[in-house]
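Below is one structure, written out as structure tokens; the observations come after it.
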Amino acid sequence: MKNFAFILFFYLLVLPMSVMSKTVQEGSPYISKAFDITGDAALEIKTAGASIQIEAWDNDQVLVEVFVKRNGKLMDPTDPEIAEKLEAFEFEVVQEGQKINVIMQSKSKVTWNMGRNQLNFAFEIHAPERTSADLRSAGGSIAISGLDGRHNLVSSGGTIRLMDCAGDFQAKSSGGSFSVESFVGNMDISSSGGSVKVFDLVGGLKVNSSGGSLTVEDISGSMVANTSGGSIRANLLSLEGEVSLKTSGGGITATLPKNEGLDLDLRGTSSKMRLENFQGEISSNTIKGKMNGGGVPVYMASSGGSVKIDFK
């Protein structure tokens with residue numbers, strides 16, 4: 001009975017305090033708008049210096065919330081000092097049919113300052129699973145989870161993360177890393193800075209990078225990757241199309257399915273490896289020929305490191 005009384009006391013006193021603490025920590029949104037959706041939805045978002053987080057939920061609604069931050073901490077938008085600073089920004093959150101338009105910008109280029117003690121914003125959006133996202137960000141991280149649609153992202157800075165999504169995905173970034181976890185469909189990534197990591201993809205993957213390494217794990221489909229500033233590590237479970245990996249700034253290490261018919265064209269400073277059922281030519285830095293009778297074209301070339309293939 002004493003143990004039961006203690007547990008009851010914990011749930012009646014301690015648990016409500018923890019929930020209240022979480023609510024205070026989350027803070028109140030500066031903007032909160034909900035829009036009813038019937039069918040597939042679309043998001044069009046344009047921001048500068050703000051993070052964007054989009055998550056799928058089961059409701060036939062799009063919920064847009066904007067939180068105010070300073071130095072990484074949530075701010076009370078009703079605070080007089082914060083309210084005065086908010087007057088320097090314009091926000092537009094409107095619905096046009098099945099599309100939700102979200103625009104955030106500074107009223108004057110002079111007032112926009114991302115330095116210390118200046119405001120920044122976090123957009124937290126919930127949308128139906130069948131939602132396409134068109135995002136333009138001049139700075140700040142982007143995270144999308146659980147959406148199935150046509151996604152187009154353009155970012156000049158900040159990390160981009162995609163989780164449990166499907167459809168068609170195109171992204172261009174001039175700064176920041178990419179991270180993809182579980183995707184079904186076709187993906188085209190262009191990056192001029194930052195690493196690219198893709199885990200668990202079924203479909204087609206294209207990557208063009210002028211800076212940073214590329215790591216790809218558990219891919220089923222086709223893959224074309226070009227990087228001028230880093231190494232490539234790839235693990236392909238099954239091949240449904242061509243594999244083309246090129247780098248001028250590092251080595252290439254790839255794992256391909258065993259017993260697959262391949263047309264190999266490997267070029268690197270040290271391309272020596274053990275190949276079974278291979279017919280073709282092998283030189284000091286080139287391997288070209290057919291494996292297991294030939295089939296899927298596999299091209300790998302490195303001008304700044306070695307090329308190595310393992311088979312599983």
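Quick note: the sequence shown uses the UniProt record's numbering, first residue 1, plus one each step. For every residue, glycine included, the Cβ atom is placed at its ideal position computed from N, Cα and C.
With which residues is residue i paired in a DSSP beta bridge?
{"i": "A127", "result": "A56"}
{"i": "L237", "result": "Answer by DSSP bridge pairing: none, since L237 is not bridged."}
{"i": "L153", "result": "L135 and A171"}
{"i": "Q118", "result": "Bridge partners of Q118: none, in fact."}
{"i": "N226", "result": "N208 and K246"}
{"i": "N101", "result": "E44 and V94"}
{"i": "M163", "result": "S145 and E181"}
{"i": "K69", "result": "L74 and N120"}
For residue i, tell me which candidate among the options has the shortest Cα-Cα distance.
{"i": "M104", "options": "D265, E44, V224 and I219", "result": "E44"}
{"i": "I37", "options": "S182, E96 and I252", "result": "E96"}
{"i": "F311", "options": "K290, R267, N292 and N259", "result": "N259"}
{"i": "K46", "options": "D79, S106, E181 and D76", "result": "S106"}
{"i": "V224", "options": "G211, N235, L119 and K246", "result": "K246"}
{"i": "I160", "options": "S306, G294, S51 and F35", "result": "S51"}
{"i": "E217", "options": "N208, T255, G305 and Q98", "result": "T255"}
{"i": "L205", "options": "G193, S220, I144 and N101", "result": "S220"}
{"i": "L135", "options": "I54, L86 and E181", "result": "I54"}
{"i": "N71", "options": "G49, S137 and T78", "result": "G49"}
{"i": "A56", "options": "Q118, I144 and V196", "result": "I144"}
I'd like the span of the beta strand (DSSP E) that includes residue i, first residue to last.
{"i": "E90", "result": "F89 to E96"}
{"i": "P297", "result": "V296 to S302"}
{"i": "D188", "result": "F178 to S191"}
{"i": "I144", "result": "I142 to S145"}
{"i": "T286", "result": "T286 to M291"}
{"i": "L275", "result": "Looking at the DSSP string, L275 is not in any beta strand (DSSP E), and its letter there is neither H nor E."}
{"i": "K308", "result": "V307 to F311"}
Just the Cα atoms here: how many angstroms apart are residue i and residue j?
{"i": "L237", "j": "V198", "result": "13 Å"}
{"i": "A171", "j": "L153", "result": "5 Å"}
{"i": "P29", "j": "E65", "result": "6 Å"}
{"i": "D40", "j": "G241", "result": "30 Å"}
{"i": "V110", "j": "D58", "result": "Unreliable positioning characterises V110 in this predicted model, as indicated by a pLDDT of 45, which lies under 50. The coordinate reading is nonetheless provided below. Looking at the two C-alpha atoms, the distance is approximately 42 Å."}
{"i": "S177", "j": "I309", "result": "26 Å"}
{"i": "R274", "j": "S213", "result": "26 Å"}
{"i": "P257", "j": "L239", "result": "8 Å"}
{"i": "Y299", "j": "V62", "result": "44 Å"}
{"i": "F183", "j": "G158", "result": "21 Å"}
{"i": "A83", "j": "G185", "result": "44 Å"}
{"i": "S303", "j": "G268", "result": "6 Å"}
{"i": "G140", "j": "I252", "result": "31 Å"}
{"i": "N132", "j": "A42", "result": "Note that residue 132 is Ser in the sequence shown, not Asn. If you take the alpha carbons of S132 and A42, they lie about 5 Å apart."}
{"i": "N277", "j": "L262", "result": "10 Å"}
{"i": "G295", "j": "N226", "result": "22 Å"}
{"i": "P80", "j": "S191", "result": "41 Å"}
{"i": "M163", "j": "V307", "result": "30 Å"}
{"i": "D60", "j": "N101", "result": "17 Å"}
{"i": "P297", "j": "E124", "result": "43 Å"}
{"i": "K290", "j": "G193", "result": "36 Å"}
{"i": "D200", "j": "I142", "result": "20 Å"}
{"i": "V207", "j": "V180", "result": "12 Å"}
{"i": "S156", "j": "G175", "result": "6 Å"}
Hey, could you find the ends of the alpha helix (DSSP H) residue i is sitting in?
{"i": "residue 355", "result": "Summary: the structure shown does not reach residue 355, with the chain confined to residues 1 through 312, and so no result is reported for it."}
For residue i and chain C, any beta-carbon pair shorter than 8 Å?
{"i": "G230", "result": "Here chain C cannot be found, since the structure has a single protein chain."}
Is residue i near the ligand PLP, in the sense that its beta carbon is under 7 Å from a heavy atom of that ligand?
{"i": "R150", "result": "With respect to the ligand PLP, the structure shown offers nothing to examine, as it has no ligands at all."}
Do the stretch 166-186 and the stretch 142-157 make contact, defined as three or more Cβ pairs closer than 8 Å? yes
Just checking, does the stretch 228-237 make contact with the stretch 270-287 on the three C-beta pairs under 8 Å criterion? no
Is there contact between the stretch 128-137 and the stretch 84-95, where contact requires at least three CB pairs shorter than 8 Å? no
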